[in-house]
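According to full-length UniProt numbering, the sequence shown holds residues 1 to 417 in order.
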Amino acid sequence: MTIGTIMAARPDAPERRYTRAQTLMRLALVIAGLVVAGIASWSVLLFILLFIVSIIAHEFGHYIVARRAGMKVTEFFIGFGPRIWSYRRGEVEYGLKAIPLGAYVKTPGMTNLETDLPEADEPRTFRAASSSRRALMIFAGPAMNLLLALVGFCVAFSVFDEPTLISSFPVVEVAALEGDPSSPAIAAGLQSGDVIKSIDGVAVDPNGSYGQVGDIVRSRPNKSVPIVVERNGELLTLTALLGTREGCASQGYLGVRPASQTGTIQRNPVEGVGEGVKFFGTAAADTVTGIVKVFGPSGVGRIFRTVTKSECDDLASRPVSIIGISQIGGQAVKSGAQATIMLISVVNLALGMLNLLPVLPLDGGHLLMTAIERIRRRRNPKYVIDYARAVPFFGVAIIVIVFVMFSALYLDTLRLF
């Protein structure tokens, strides 16, 4: 389940019905809010729609497996907050809520903390199902996102042969120098097509992401560093005096872009599928590495320093919120279908991997609890894991996740104004 699923696991509020006029008015207010926030260009709204579809796909994975496993599902809503529109089909209420920041599926009996369920519903609750069925139901959500990511990568590599704007290809080639004629890269003699081998004695992994170049450069503001590049088969050593960006004196600046941002992909469909699968594996590994960095001590410390203004905001080195990803997505939509498909695939990959973190209330936390309960039942078949006792163990992790989420939202909001 996503965080929204746990938020929805509360006693049902009194049901309210809205007229068509009230429904349209509420929807208009939501759209007006997006416009006022400055994020509602057509391209941004289109990407937000694709993002919401990705979240719906995640929850649909939970929903369909729960139904197939005989579990009772009572709600399937898009969004949070006040109800805009809903209808009931059978025992499930489907609908739309005012804040389009997620979706949720409500399955009774997700934890032992729900004690007020009707006795007749108990056999069909989540907790009454076998551990294998519970695990499948939980994993189905992230699996849908991972599947969408894989399909998206394969389509992007198979169907299109046009230039794309993708910064996460594992390359270290300089595609272009940034426009400033006084940039450190131009002053040092770097050229488009140079392959960076090392900076200041730190080797650059040819199979790693271009982000490693940024990490090295940012940590060396106003420092003269040797840069080893490969040009036309020869190794050259250049010296660059790293500068700083305006208003960002604490981070170094070189002035180059990765080759993948201007590269052209030309493959036949069969080769494209293979490349898509290969890219999925590489991107998944990079995503895991990124998650560890973001939620690790150094990553959290960097976000804290950015929020407190002791370090300048660098979008490339921190997580983004729905506002940030929508802005980036809007640019991708304007760049074309391939860039849009690649970015929404990366987003789905991140959603899938993040939800597998072994922390409640994420899906990975529920998988961990299910696994622990299954192991304990080998000695005591009636053992039921106590969520009330388990939650405090995840306290620090939950605080870190919430801090990172709200910090990203705060920083992305500041960038709008």
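By construction, the Cβ of each residue, glycine as well, lies at the ideal position given by its N, Cα and C atoms.
For residue i and residue j, what's the separation of their Cα atoms in angstroms?
i, j, result
"Pro221", "Thr308", "20 Å"
"Gly272", "Ile341", "14 Å"
"Val174", "Thr107", "Reliability of the predicted coordinates at Val174 is poor, the pLDDT of 49 falling under 50, and no value is obtained from them."
"Val151", "Asn348", "11 Å"
"Ser54", "Ala140", "13 Å"
"Glu122", "Asp116", "10 Å"
"Val346", "Leu254", "26 Å"
"Gly214", "Val256", "10 Å"
"Ile84", "Gln251", "46 Å"
"Val195", "Ser183", "18 Å"
"residue 423", "Ala103", "Not covered by the structure: residue 423. The range shown for the chain is 1 to 417."
"Val277", "Arg68", "29 Å"
"Phe160", "Phe51", "22 Å"
"Val292", "Val217", "21 Å"
"Thr413", "Phe406", "10 Å"
"Ala156", "Ile328", "18 Å"
"Gly290", "Gly211", "10 Å"
"Arg127", "Ala66", "12 Å"
"Gly274", "Ile398", "38 Å"
"Leu96", "Val105", "12 Å"
"Ser158", "Arg378", "48 Å"
"Asn380", "Gly364", "24 Å"
Count the other C-beta atoms from every protein chain shown that fall within 10 angstroms of the C-beta of residue i, then say buried if there are 16 or more, exposed otherwise.
i, result
"Asp386", "exposed"
"Glu119", "exposed"
"Ile376", "Looking at the sequence shown, residue 376 is not Ile but Arg. Per the 10 Å Cβ criterion, exposed."
"Ala240", "buried"
"residue 423", "No answer is possible for residue 423: the residues shown for the chain start at 1 and end at 417."
"Asn232", "exposed"
"Gly301", "exposed"
"Val202", "exposed"
"Val270", "exposed"
"Ala350", "buried"
"Asn355", "buried"
"residue 432", "Residue 432 cannot be examined here, being either before or after the span of the chain that is shown, 1 to 417."
"Thr306", "buried"
"Phe393", "exposed"
"Leu113", "exposed"
"Val404", "buried"
From what residue to what residue does the alpha helix (DSSP H) around residue i run?
i, result
"Lys334", "Ile322 to Ser335"
"Tyr387", "Tyr387 to Ala390"
"Thr74", "That residue, Thr74, is in no alpha helix (DSSP H); it is neither H nor E in DSSP."
"Leu368", "Asp363 to Arg376"
"Arg220", "Counting along the chain, Arg220 falls outside any alpha helix (DSSP H), and DSSP gives it neither H nor E."
Tell me the residue span of the beta strand (DSSP E) that contains residue i.
i, result
"Thr237", "Glu234 to Leu241"
"Ser158", "Careful: Ser158 lies outside any beta strand (DSSP E), inside the alpha helix (DSSP H) at Ser131 to Val159."
For residue i versus residue j, is the C-beta spacing smaller than 8 Å?
i, j, result
"Ala332", "Phe47", "yes"
"Ala143", "Thr370", "no"
"Val225", "Ile186", "no"
"Gly330", "Ser43", "yes"
"Leu146", "Gly395", "no"
"Phe280", "Phe153", "yes"
"Val391", "Leu368", "no"
"Phe76", "Tyr87", "no"
Helix, strand or coil for residue i per DSSP?
i, result
"Phe126", "coil"
"Ala69", "coil"
"Leu357", "coil"
"Gly301", "helix"
"Leu113", "coil"
"Pro82", "strand"
"Arg231", "strand"
"Ser198", "strand"
"Tyr253", "strand"
"Gly95", "strand"
"Thr289", "helix"
"Tyr383", "coil"
"Pro184", "helix"
"residue 483", "The structure shown does not extend to residue 483, since the chain is modelled only from 1 to 417, so the question has no answer here."
"Thr244", "strand"
"Gly274", "helix"
"Gly211", "helix"
"Val105", "strand"
With respect to 7 Å, is the separation between the Cβ of residue i and the closest non-hydrogen atom of the ligand ZN below this value?
i, result
"Pro358", "Because no ligand of any kind appears in the structure shown, any question about the ligand ZN cannot be addressed here."
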